[in-house]
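The sequence shown begins at 5 in our numbering and counts up by one. Worksheet for the structure shown next.
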Amino acid sequence: MEEKEVIQLLRHYRHDLMNHLQIVQGYLSMGKMEKAQKKLTNYMQLLQEEGKLVNMHAPAFVFYIYCN
């Protein structure tokens, strides 16, 4: 993977994270605590699943999943 591709992947990841945080912020500003909590819980579960994938010790497979 070249530097430009790594930067593009990081940009995508940051963009996705910002979207999730903005949704949670919106729910909180509207007083919708349960929706904010559910969104955070769902995102945390997603991160845990990604963590399992990354920790599989199969770099070629992880690379394929993240880059396709």
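Where is the CB? At the ideal position from N, CA and C, for every residue including glycine.
Original post:
Alpha carbon to alpha carbon, what distance is there between Gln52 and Gln26?
Top reply: Taking the sequence shown and counting its residues from 1, the one referred to as residue 26 is at position 22. Taking the sequence shown and counting its residues from 1, the one referred to as residue 52 is at position 48. Going from the Cα of Gln26 to the Cα of Gln52 covers about 20 Å.
Subject >> Assigned secondary structure, Met5 (DSSP; H/G/I helix, E/B strand, else coil) >> reply: Counting from one through the sequence shown, the residue named residue 5 turns up at place 1. Met5 falls in the coil class under three-state DSSP.
Original post:
Do you know how far the Cα of Leu13 is from the Cα of Glu91?
Top reply: One cannot answer for residue 91 here, as it falls past the ends of the chain, which runs 5 to 72.
Subject >> Spatial neighbours of Lys39 in its chain, beta-carbon cut-off 6 Å, leaving aside the 5 residues before and after >> reply: Within the sequence shown, numbered from 1, the residue matching residue 39 stands at position 35. Tyr31, listed in sequence order.
Original post:
What first and last residue would you give for the alpha helix (DSSP H) that runs through Met37?
Top reply: To locate residue 37, count along the sequence shown from 1; it is residue 33. According to the DSSP assignment, Met37 belongs to the alpha helix (DSSP H) that extends over 37-58.
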